[in-house]
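Working notes, structure below.
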Amino acid sequence: MTLNINKIRDDFPILKTLINSNPLVYLDNAATTQKPQSVIDAITDYYTRYNSNVHRGAHHLSNLATDAHENARKTVQKYINAEYDHEIVFTSGTTESINLVAFSFGEAFVNPGDEIIVTEMDHHSNFVPWQMLCDRKRARFRVVPFNENGDIRLDILEEMLNEKTRLVAFNHVSNSLGTVNPAREIIKMAHDAGAAVLVDAAQSIQHIEHDVQALDADFYAFSGHKIYGPTGIGVLYGKEKWLDAIPPYKSGGEMIDLVSIEKTTYNKLPFKFEAGTPNIVGPIGMAAAIDYINALNFSDIMTYEDKILEYGRKRLLEIDGLTIYSNAKRRASILPFNIAGIHHFDLGTLLDSHGIAVRTGHHCTQPIMTALGIEGNVRASLAIYNTKEDIDALIEGIYKAMKLLGR
Amino acid sequence: MASIQEIQAEIVKNFSYLPQWDERYAYLIELGQKLESMPNEYRTEENIIRGCQSLVWLYRECCDGIVSFQADSNSLIVKGLAALMTQIFSEQPAEEVLKADLTLFEQTGLNKHLSAQRANGLMAMIDEIKAFAGKCAAGEA
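First to last, the protein sequences are chains A and B. Numbering-wise (our numbering), the first sequence opens with residue 794 and increments by one. Numbering-wise (our numbering), the second sequence opens with residue 695 and increments by one.
Below you can see the structure in the form of structure tokens.
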């Protein structure tokens, strides 16, 4: 079976937008993805028919809202193949999920002299929280470099791992290099050394395999808005044993069991980590997005996206003076590049004037830019609705910009 | 010397001849290309204004209450914008620079394309120009 891309494009109303009289060519999917009509409808339907607070009301609407909210948890559980639905904690996004673990795991398990390992290709949101934890706990913050192709130096990771390593955090797919890291292998290495592992799945959840049990991830974080869902909702998966063993990170209503002046006991999982009225509609929208993906065949999505990615890579490399910064053994979604003599901001601005949306800058990965010896670059990033025609429009836009910039 | 308002009006008129965004960017790029590169001795750490995406260098002088500026950037479009800023504010009385209302971006529609991009260092450059004019007017520069 193959995907019907025209049908898929029709499902995303924003793709019909004109920018400066040009059809939108949306190639900034690593920043956020567009939403299919079914997601927009699910959100509207919630506010139109059954908006109500969850888990507390004894009335009809509250029951409807609670069911939809909790069914969304089950949808996420199935999508990532978690063992239990209470291992799914709703957060505001990947950043909050990682901060939760950095705080709560840090409180429970990290002591002075312990070590935390991240990689040189991690997004700032999977870098700075660990750096802050290490400062707070006087622990050692260690960073595994990547090689000239953008592959993690597993040999150095092997050397770094020791009995003091408490946790290894890494992204499954780099938002800046497009590298697909050998997650299973990294997790096994960390486990063999007795360390827990957090996988930042923000750029992998929508593009590649995402089975937390097959990976054996201890913690796994992603955002709804990068998988065709709404913003402001994310997921932290944690193995039950870890979520039980770490303290709450926020407190308030919902997360408590009994409160008295002497002592408060906490609610069971996952509510222990969900203080206050949650983002009720967020999970409903995110579940609609996952349902949308589930209605397609995921291996078809992977095959199709790889085909467009490789086509984009081939076309970009035809351009004189173009350097591509994605050369790892296995890659997904991301096409980062610069053209000699052209500032990335100029190229991005001129592409925008033709309706081509890309990201320019350091993509919240300054350590990568430092390692590459550049200030920033242009990043085109793909999603399920992108086509060869989008790539052709990008290439044509680049040639026009080069001409305008005197190249 | 034309006043700040007269120079702004002239620039707005030039943009009005260029209805297409392609042409407007081409004009900015041309301004950027024509603007003389800043001598290396002025490209110091203290003259750098950091945008999120591009670097701007701004050299400032104050003489008898008159401010003058030289600017440069590693982005050609930002350099074009910097050229506009020096055309407008350089060789002007500091008092006038302080009072000046920068309407050019709204009038040309450039704000719609660039305002979200505080990134480009333009806003920081304008703040710096105003702050320096304040010091110059107060006899502190």
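Using N, Cα and C, we set each Cβ at its ideal position, and we do this for glycine too. The structure presented is a predicted model; accordingly, all values stated were derived computationally and were not measured.
query: Any idea what DSSP makes of Gln999 (chain A), helix, strand or coil?
result: For the purposes of this step, residue 999 (chain A) is taken as residue 206 along the first sequence, with counting starting at 1. Gln999 (chain A): coil per DSSP, three-state reduction.
query: What residues of chain B sit near Asn813 (chain A), judged by a beta carbon separation below 8 Å?
result: The sequence position of residue 813 (chain A) within the first sequence is 20, counting from 1. Correct list: Trp715.
Buried/exposed call for Ala1007 (chain A), threshold 16 Cβ in 10 Å: For the purposes of this step, residue 1007 (chain A) is taken as residue 214 along the first sequence, with counting starting at 1. It counts as exposed.
message: Taking only three categories from DSSP, how would you classify Asp1011 (chain A)?
response: Position 218 of the first sequence, counted from the start, is the residue given in the question as residue 1011 (chain A). Here Asp1011 (chain A) sits in coil by DSSP.
- request: Look up Asn1090 (chain A) in the DSSP assignment and say whether it is helix, strand or coil.
  value: Within the first sequence, numbered from 1, the residue matching residue 1090 (chain A) stands at position 297. Three-state DSSP puts Asn1090 (chain A) in coil, outside helix and strand.
query: Along the region 769–793 of chain B, what residues have a CB closer than 8 Å to any CB found in chain A?
result: Ser769, Leu770, Ile771, Val772
- prompt: Taking DSSP as the reference, what is the three-state secondary structure of Val1064 (chain A)?
  reply: Start at 1 with the first residue of the first sequence, and residue 1064 (chain A) comes out as number 271. In the sequence as presented, Val is not what sits at residue 1064 (chain A); that position holds Phe. In this structure, Phe1064 (chain A) counts as helix in the three-state DSSP scheme.
field: Reference Ser710 (chain B), options B:Lys773, B:Glu822, B:Leu804, B:Leu816, closest by Cα
entry: Reading the second sequence from its first residue, position 16 is the one you call residue 710 (chain B). It is B:Leu804 whose Cα lies nearest to the Cα of Ser710 (chain B).
Exposed unless 16 or more other CB atoms sit within 10 angstroms - verdict on Pro713 (chain B): Residue 713 (chain B) sits at position 19 when you count from the first residue of the second sequence. So Pro713 (chain B) ends up on the exposed side.
- request: Per DSSP, which residues does Ala851 (chain A) bridge with? Please list them.
  value: By one-based count along the first sequence, residue 851 (chain A) stands at place 58. Its beta-bridge partners do not exist; DSSP assigns none.
field: Residues sharing a beta bridge with Arg1172 (chain A), DSSP
entry: Indexing the first sequence from 1 puts residue 1172 (chain A) at position 379. DSSP, once it has assigned bridges, lists A:Pro1129, A:Arg1152 as partnering Arg1172 (chain A).
query: Of all the CB atoms in chain B, is at least one closer than 7 Å to the CB of Leu1197 (chain A)?
result: Along the first sequence, one-based indexing puts residue 1197 (chain A) at 404. Leu1197 (chain A) counts as touching chain B.
query: If we count the other Cβ atoms within 10 Å of its Cβ and call it buried at 16 or more, is Ala903 (chain A) buried or exposed?
result: Residue mapping note: residue 903 (chain A) aligns to position 110 of the first sequence, counting from 1. Note on identity: in this sequence residue 903 (chain A) is Val, with Ala being the wrong assignment. It is buried - the Cβ of Val903 (chain A) has at least 16 other Cβ atoms within 10 Å.
- prompt: For chain A, is any of its Cβ atoms less than 7 Å away from the one on Ser748 (chain B)?
  reply: If you number the second sequence from 1, residue 748 (chain B) lands on position 54. Interface residue, yes.
- prompt: So is Asp1139 (chain A) in contact with chain B if we call contact Cβ pairs under 7 Å?
  reply: Looking up residue 1139 (chain A) in the first sequence gives position 346. At least one chain B Cβ lies under 7 Å of Asp1139 (chain A).
field: Anticipated Cβ contact below 8 Å, Leu1143 (chain A) with Leu1109 (chain A), distance rounded
entry: Position 350 of the first sequence holds residue 1143 (chain A). Position 316 of the first sequence holds residue 1109 (chain A). Actually they do not touch by this definition, with Cβ atoms about 16 Å apart.
- prompt: With a Cβ-Cβ cutoff of 7 Å, do Val761 (chain B) and Ala788 (chain B) count as a contact?
  reply: Locating residue 761 (chain B) in the second sequence gives position 67, where the first residue counts as 1. Locating residue 788 (chain B) in the second sequence gives position 94, where the first residue counts as 1. Against a cut-off of 7 Å, the Cβ pair of Ala788 (chain B) and Val761 (chain B) comes out as a contact.
- prompt: So, Asp1011 (chain A) versus Lys1032 (chain A), is the Cβ gap smaller than 7 Å?
  reply: For the purposes of this step, residue 1011 (chain A) is taken as residue 218 along the first sequence, with counting starting at 1. For the purposes of this step, residue 1032 (chain A) is taken as residue 239 along the first sequence, with counting starting at 1. Contact flag set, yes.
- request: Between the Cα of Ala1038 (chain A) and those of A:Ile807, A:Asp1050, A:Phe1066, A:Ser967, spot the shortest distance and give me the residue it belongs to.
  value: For this step, residue 1038 (chain A) is matched to residue 245 along the first sequence. If we check each option's Cα against that of Ala1038 (chain A), A:Phe1066 comes out closest.
query: What is the DSSP secondary structure of Arg959 (chain A), counted as helix, strand or coil?
result: Here residue 959 (chain A) refers to the residue found at position 166 when the first sequence is read from its first residue. In this structure, Arg959 (chain A) counts as strand in the three-state DSSP scheme.
task: Check whether the Cβ atoms of Ser969 (chain A) and Thr1153 (chain A) lie closer than 7 Å to each other.
output: If you number the first sequence from 1, residue 969 (chain A) lands on position 176. If you number the first sequence from 1, residue 1153 (chain A) lands on position 360. In this structure, Thr1153 (chain A) does not lie closer than 7 Å to Ser969 (chain A) by Cβ.
- request: Put Pro787 (chain B) into one of helix, strand or coil per three-state DSSP.
  value: Translated into the one-based positions of the second sequence, residue 787 (chain B) becomes position 93. DSSP places Pro787 (chain B) in strand when its eight states are reduced to three.
- prompt: Can you check whether the CB of Gly1114 (chain A) is closer than 7 Å to the CB of Ile1101 (chain A)?
  reply: Mapped onto the first sequence, residue 1101 (chain A) falls at position 308. Mapped onto the first sequence, residue 1114 (chain A) falls at position 321. No; because the gap between Cβ atoms is not below 7 Å, this pair is not in contact.
task: Give the straight-line distance between the Cα atoms of Leu991 (chain A) and Tyr1013 (chain A), rounded to the nearest whole angstrom.
output: The sequence position of residue 991 (chain A) within the first sequence is 198, counting from 1. The sequence position of residue 1013 (chain A) within the first sequence is 220, counting from 1. So the two alpha carbons sit approximately 6 Å from each other.
- request: Provide the residue(s) that pair with Phe934 (chain A) in DSSP beta bridges, ordered along the chain.
  value: As a first step, residue 934 (chain A) is located in the first sequence; it is residue number 141 there, counting from the start. In DSSP, Phe934 (chain A) forms a bridge with A:Ile909.
Amino acids of chain B, ordered along the chain, whose beta-carbon sits closer than 7 Å to that of Leu1102 (chain A): Indexing the first sequence from 1 puts residue 1102 (chain A) at position 309. Under the 7 Å cutoff, chain B gives no residues; its nearest Cβ is about 25 Å from Leu1102 (chain A).
Environment of Gly943 (chain A) [buried if 16+ CB atoms lie within 10 Å]: If you number the first sequence from 1, residue 943 (chain A) lands on position 150. Counting Cβ neighbours within 10 Å, Gly943 (chain A) comes out buried, since at least 16 surround it.
field: Length at least 3, wholly inside the region 849–904 of chain A: the beta strand (DSSP E) runs in chain order
entry: 881–884
- prompt: Is there a Cβ from chain A that is less than 7 Å from the Cβ of Ala720 (chain B)?
  reply: The residue you call residue 720 (chain B) lines up with position 26 of the second sequence. Yes, Ala720 (chain B) lies at the interface with chain A (some Cβ there is under 7 Å from its Cβ).
query: Would you call the CB atoms of Ala1173 (chain A) and Leu1128 (chain A) closer than 7 Å?
result: In the first sequence, residue 1173 (chain A) corresponds to position 380, counting from 1. In the first sequence, residue 1128 (chain A) corresponds to position 335, counting from 1. Yes, the pair counts as a contact, with Cβ atoms nearer than the cut-off.
field: At least 3 beta-carbon pairs within less than 8 Å: the region 823–840 of chain A vs the region 1073–1087 of chain A
entry: yes
Beta-carbon gap between Asp802 (chain A) and Tyr1097 (chain A) smaller than 7 Å: For this step, residue 802 (chain A) is matched to residue 9 along the first sequence. For this step, residue 1097 (chain A) is matched to residue 304 along the first sequence. Per the sequence shown, the amino acid found at residue 802 (chain A) is Arg instead of Asp. For Arg802 (chain A) and Tyr1097 (chain A), no; Cβs fall outside 7 Å.
- request: Determine the contact status of Asn1060 (chain A) and Ile1049 (chain A), defining contact as a CB-CB distance below 7 Å.
  value: Here the question's residue 1060 (chain A) lines up with position 267 in the first sequence. Here the question's residue 1049 (chain A) lines up with position 256 in the first sequence. Closer than 7 Å, so yes.
task: Taking only beta-carbon positions, decide if Gly850 (chain A) is within less than 7 Å of chain B.
output: Here the question's residue 850 (chain A) lines up with position 57 in the first sequence. So, not an interface residue.
query: Is the region 766–773 of chain B touching the region 733–749 of chain B in the sense that three or more CB pairs, one from each, lie closer than 8 Å?
result: yes
message: Below 7 Å on C-beta distance, what does His1136 (chain A) contact in chain B?
response: Indexing the first sequence from 1 puts residue 1136 (chain A) at position 343. Chain B residues near His1136 (chain A): Ser748, Asn768, Ser769, Leu770.
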